[in-house]
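S.K.: Per mature numbering (1 follows the signal peptide of the UniProt record, and there is no 0): the sequence shown = residues -28 to -1, 1 to 685.
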Amino acid sequence: MAMFTPSFSGLKGRALFSLLFAAPMIHATDSVTTKDGETITVTADANTATEATDGYQPLSTSTATLTDMPMLDIPQVVNTVSDQVLENQNATTLDEALYNVSNVVQTNTLGGTQDAFVRRGFGANRDGSIMTNGLRTVLPRSFNAATERVEVLKGPASTLYGILDPGGLINVVTKRPEKTFHGSVSATSSSFGGGTGQLDITGPIEGTQLAYRLTGEVQDEDYWRNFGKERSTFIAPSLTWFGDNATVTMLYSHRDYKTPFDRGTIFDLTTKQPVNVDRKIRFDEPFNITDGQSDLAQLNAEYHLNSQWTARFDYSYSQDKYSDNQARVTAYDATTGTLTRRVDATQGSTQRMHATRADLQGNVDIAGFYNEILGGVSYEYYDLLRTDMIRCKKAKDFNIYNPVYGNTSKCTTVSASDSDQTIKQESYSAYAQDALYLTDSWIAVAGIRYQYYTQYAGKGRPFNVNTDSRDEQWTPKLGLVYKLTPSVSLFANYSQTFMPQSSIASYIGDLPPESSNAYEVGAKFELFDGITADIALFDIHKRNVLYTESVGDETIAKTAGRVRSRGVEVDLAGALTENINIIASYGYTDAKVLEDPDYAGKPLPNVPRHTGSLFLTYDIHNMPGNNTLTFGGGGHGVSRRSATNGADYYLPGYFVADAFAAYKMKLQYPVTLQLNVKNLFDKTYYTSSIATNNLGNQIGDPREVQFTVKMEF
């Protein structure tokens, strides 16, 4: 097998290439005089943990460039859902947080057990696009009680993050230890039954340079359909050492979970409509459960060498272990309503991910121009093992119009040919980036990444190797910003991405890497001294797109020749007045297959043409006792979406409304009473499909009333 030796050529001009690794950096205000005598002033924030957002308004981000650049200086779109938005909406999942972001929608969630999103037309579950603190993980659910905010980087991001789809990435930023003592405890009850309790406490350790944080959550809620429970426990201790020139943070979280494995409902291919059954009726069995544990450990070390240079090291280890059981629907008789089902199970599944990044960032004057230079190396290792795959006989044992449960039970028949499913992927990378401030108005950002990777996949007893390959890839990006005024900027960018493909299952032909080219132009605004807004137009072309088909009892992996996604999006967030906050979005996406023997001209599944959201709040600060009343509402919606690769039927569009009210009492220990009503008008809607057939379509939650009591100290 051929071995590739990494080679690096010298980088000329103002892009310095050196060992580094990044995230939020402490910057100062720099004034640089260019050769023609013009003075450029560059200001960046000193602490992203506290200044990344102000209420609803995003101020800065490290996700786009791995440096703490102001939003208007970045030639790419980053949308932020702040902690205040998450609190007002009482968001409990990543789906709920991302309702606020344009062109981000749910895709196949594996029966509601995984976070899974399409961004600008591209994405799948377990595609590596959901990160925690800028590092890739294998967590099935990344949103939890430790979440501070959610940032979405739109468009290709391979230059800094490596293997990715071109639609963008989702970065969940967690809470960090703070030097000032404070905390909160809360309890939430749900109209579904049961509820959730949370604890968050942080402060200094007296007599040391250490600060701690402890976040915890216990959930015990009834599932909204006719059976099932949502149960989980979560704990996340963290510790930070604050030195004179260095900061070291250690984070850990552990989650035990037991959640329904629910494939949703069936669409009739004759009528193109969902079957006429109460949405609460499940078509599986009470043993359809995923039971597992996930862990995340992260280390972040940052050292300020001097006023210009900062070194940073990040490491993340994550793992997810689970077993599941399901009565899987394999066929539907539209005449009688009879289902053919097969009892399946996965016993002993383990995923692990090591992700490491080391880089150096400098804010320097080179040849009379101010530069924010980044250079670094990274390493990632991922492995998956599904040990015993249970496959039992099919049975026509269930009728959707007269459901009787318990006629089938768990089984223990191990399929040797399907067991020991294995994926291993390892990559080594080096990258460099320079943000060059040409004048007060012009900013150029350029970067390049070299990545070498190996991958291995297969299954069966005896083991059958289906993928065993290695390759290398260069991924460049180039962006330009023109600041019309201090509060308005125009931008354009070009970038490339790639994603190696592996197949556990049998496949037809080779699976070459996916490769993409993307162009984007847009504008960013800071309005009314409190609103951040952006508008962008994008055009993405992608080759060798992996998709799956169900052929008999087997899932077949194939690639489409070429697909295209293009569209426009508008997002805004912030304060309209001292009392009114807003977060809103609109997105248009035209995503379809351009070249393929089977699907040319077909739309990509689970991609709506239109997405939109609006959420407004109003604060009344002069209530009796100097208390505060906040109330508001809004909604989110999407247009219809193709539900399968071949567009055999469409999921209908929908709009779901939400409302809330919160009353904060300024006592010795402030107490907040909050009421949230989700899906206010009890809309029946469908959030995603499995895309391979008509037998799995996720149903959105019905109306839910949540009441929260929170005490701060």
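We put the CB at the ideal spot given by N, CA and C, even for glycine.
I need the straight-line Cα distance from Asn51 to Asp443, nearest angstrom please.
M.R.: If I take the Cα positions, the gap works out to 33 Å.
S.K.: Throw me the rounded Cβ distance for the Asn198 and Thr589 pair, which I believe falls under 8 Å.
M.R.: In fact, because the Cβ distance is near 35 Å, the residues do not count as touching under 8 Å.
S.K.: Any idea if Arg235 is buried or exposed, counting beta-carbon neighbours within 10 angstroms, 16 or more meaning buried?
M.R.: So Arg235 counts as buried.
S.K.: Around the C-beta of Trp414, are 16 or more other C-beta atoms found within 10 angstroms, so that it is buried, or is it exposed?
M.R.: Exposed is the call here.
S.K.: Quick one: any contact between the segment 576 to 591 and the segment 608 to 626, if contact means 3 or more CB pairs under 8 Å?
M.R.: The segment 576 to 591 is in contact with the segment 608 to 626.
S.K.: Nearest to Thr384 by alpha carbon, out of Glu68, Ile395, Ile362, Asn272?
M.R.: Checking every option, the nearest Cα to that of Thr384 belongs to Ile362.
S.K.: Taking DSSP as the reference, what is the three-state secondary structure of Asp256?
M.R.: Coil at Asp256, not helix or strand.
S.K.: Would you mind working out which of Gln405, Ala402, Gln427, Ser101 sits nearest Lys396, comparing C-alpha positions?
M.R.: Nearest C-alpha to Lys396: Gln427.
S.K.: DSSP three-state call for Asp45: helix, strand or coil?
M.R.: Of the three classes helix, strand and coil, the one that applies to Asp45 here is helix, per DSSP.
S.K.: Classify Gly84: buried if its beta carbon has 16 or more other beta carbons within 10 angstroms, exposed otherwise.
M.R.: The residue in question, Gly84, is buried, as its Cβ has 16 or more Cβ neighbours within 10 Å.
S.K.: Roughly how many angstroms separate the alpha carbons of residue 734 and Ser537, rounded to a whole number?
M.R.: A query on residue 734 cannot be resolved here, the shown segment of the chain reaching from -28 to 685 and no further.
S.K.: DSSP on Asn51, reduced to helix/strand/coil?
M.R.: Strand.
S.K.: Under the rule that 16 or more other beta-carbon atoms within 10 Å means buried, what is Trp196, buried or exposed?
M.R.: Buried: at least 16 other Cβ atoms inside 10 Å.
S.K.: Specify the secondary structure class of Ala69 as computed by DSSP and reduced to three states.
M.R.: The answer is helix: DSSP assigns Ala69 an H, G or I state.
S.K.: In whole angstroms, what separates the C-alpha of Thr39 from that of Ala88?
M.R.: Near 27 Å, if we compare the C-alpha coordinates of Ala88 and Thr39.
S.K.: Do Leu136 and Asp292 come within 8 Å of each other at the CB atom, strictly closer than that value?
M.R.: No, the Cβ-Cβ distance between Asp292 and Leu136 is not below 8 Å.
S.K.: Which stretch, first to last residue, makes up the alpha helix (DSSP H) that contains Leu132?
M.R.: 130 to 133 is the extent of the alpha helix (DSSP H) around Leu132.
S.K.: Going along the chain, which unbroken runs of the beta strand (DSSP E) with 3 or more residues stay wholly within the segment 374 to 415?
M.R.: If we require 3 residues or more, the beta strand (DSSP E) runs fully inside the segment 374 to 415 come out as 393 to 409.
S.K.: When the Cα atoms are used, what is the spatial distance from Tyr466 to Val493?
M.R.: Taking the straight line from one Cα to the other gives about 9 Å.
S.K.: Look at the Cβ atom of Thr81, then the Cβ atom of Gln670, and state whether they are nearer than 8 Å.
M.R.: Yes, they are a contact pair.
S.K.: Taking 8 Å as the CB-CB cut-off, is Ser611 touching chain D?
M.R.: Among the chains of the structure shown, chain D does not appear; only one protein chain is present.
S.K.: So the beta strand (DSSP E) Glu486 belongs to, where does it begin and stop?
M.R.: Glu486 -> beta strand (DSSP E) spans 486 to 499.
S.K.: Can you tell me where the beta strand (DSSP E) with Glu274 in it begins and where it stops?
M.R.: Glu274 -> beta strand (DSSP E) spans 261 to 276.
S.K.: Distance check for Gly106 and Ala(-6), CA to CA, integer angstroms please.
M.R.: Because the pLDDT of Ala(-6) is 33, which lies under 50, any placement of that residue in the model is unreliable, and the question is left without a value.
S.K.: Which whole-angstrom value is the C-beta distance of Ala273 and Arg108, which I expect to be below 8 Å?
M.R.: Not a contact, Cβ separation roughly 19 Å.
S.K.: Do Ser158 and Lys564 have their beta-carbon atoms positioned less than 8 Å apart in this structure?
M.R.: Contact: no.
S.K.: If you draw a straight line from the C-alpha of Tyr403 to the C-alpha of Pro485, how long is it?
M.R.: Approximately 20 Å between the Cα atoms of the pair.
S.K.: Can you find at least 3 beta carbon pairs, one from the segment 164 to 172 and one from the segment 181 to 189, that sit closer than 8 Å?
M.R.: Yes, the segment 164 to 172 touches the segment 181 to 189.
S.K.: Roughly how many whole angstroms lie between the Cα atoms of Pro123 and Gln78?
M.R.: At residue 123 the sequence reads Glu, which differs from the Pro that was named. The alpha-carbon atoms of Glu123 and Gln78 are separated by roughly 16 Å.
S.K.: Between which two residues does the alpha helix (DSSP H) holding Glu23 run?
M.R.: Residues 20 to 23.
S.K.: From what residue to what residue does the beta strand (DSSP E) around Ile554 run?
M.R.: First-last of the beta strand (DSSP E) with Ile554: 552 to 567.
S.K.: Name the DSSP bridge partner or partners of Thr426?
M.R.: DSSP output for Thr426 lists Glu398, Arg442 as bridge partner(s).
S.K.: Taking C-alpha atoms, which residue in Gln56, Ala24, Tyr353, Gly134 lies nearest to Pro42?
M.R.: Nearest option by C-alpha distance: Ala24.
S.K.: Inspect the CB distances between the segment 502 to 518 and the segment 534 to 552 and report whether three or more fall short of 8 Å.
M.R.: Contact between the segment 502 to 518 and the segment 534 to 552 is present, because at least three Cβ pairs lie under 8 Å.
S.K.: Using 8 Å for Cβ pairs, my map puts Ala634 next to Thr602. What's the rounded Cβ distance?
M.R.: Their Cβ separation, rounded to whole angstroms, is 5 Å, which keeps Ala634 and Thr602 in contact under 8 Å.
S.K.: Going along the chain, which unbroken runs of the alpha helix (DSSP H) with 4 or more residues stay wholly within the segment 316 to 370?
M.R.: The segment 316 to 370 contains no whole alpha helix (DSSP H) run of 4 or more residues.
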